[in-house]
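Here the structure is laid out as structure tokens; the discussion comes afterwards.
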């Protein structure tokens, strides 16, 4: 993702912290100084995501209020709308990406040594702690009421 803000960002700087697409809208609100209620309708909810403005000001030391992983959720191609148990989730940290499918199967990749995700490390006992940490982060972001299937 490339973001340029005149007078704020410096050419050639790079931030290695993972962020999610859901962070774009809060960032635009913050950069434009917009205020007001983002909740629309009686069933509306608080705006998700976090402003990336601290990373735009200082890509290395910016104080980020969001999670240290980026969450991606996709729906199974065989799902019917509204079925929560048909979601696949992934969390990406600076080095690793952990995937949990709706059937409980898992994948874990080390992007430092395997940028193209050819070597699934989930069965390697040396990476059990890394897997457990990423699963906990996924559960924390998704919340206690989210459906996450048992692993297989």
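In the numbering used here, the protein residues as written are 1081 to 1232. A virtual CB, placed ideally from N, CA and C, is assigned to each residue, including glycine.
The beta strand (DSSP E) spanning residue i covers which residue range?
i            : result
residue 1176 : 1176 to 1180
residue 1155 : 1150 to 1155
Would you mind working out which of the options sits nearest residue i, comparing C-alpha positions?
i            : options                : result
residue 1175 : 1149, 1126, 1181, 1183 : 1149
residue 1095 : 1120, 1143, 1119       : 1143
residue 1134 : 1114, 1103, 1226       : 1103
residue 1208 : 1187, 1191, 1122       : 1187
residue 1138 : 1196, 1222, 1090, 1178 : 1090
residue 1185 : 1192, 1196, 1167, 1191 : 1167
residue 1110 : 1213, 1130, 1204       : 1130
residue 1132 : 1115, 1107, 1173       : 1107
residue 1180 : 1226, 1205, 1193       : 1226
The alpha helix (DSSP H) spanning residue i covers which residue range?
i            : result
residue 1213 : 1208 to 1222
Helix, strand or coil for residue i, going by three-state DSSP, please let me know.
i            : result
residue 1173 : coil
residue 1110 : helix
residue 1139 : coil
residue 1091 : coil
residue 1086 : coil
residue 1147 : coil
Determine which residues share a DSSP beta bridge with residue i and list them.
i            : result
residue 1167 : 1155
residue 1105 : The partner list for residue 1105 (beta bridge, DSSP) is empty, contrary to what the question assumes.
residue 1189 : 1177
Kindly give me the distance between the Cβ atoms of residue i and residue j, rounded to whole angstroms, as I take these residues to be in contact under 8 angstroms.
i            : j            : result
residue 1147 : residue 1228 : About 16 angstroms separates the two Cβ atoms, so there is no contact after all.
residue 1151 : residue 1100 : 6 angstroms
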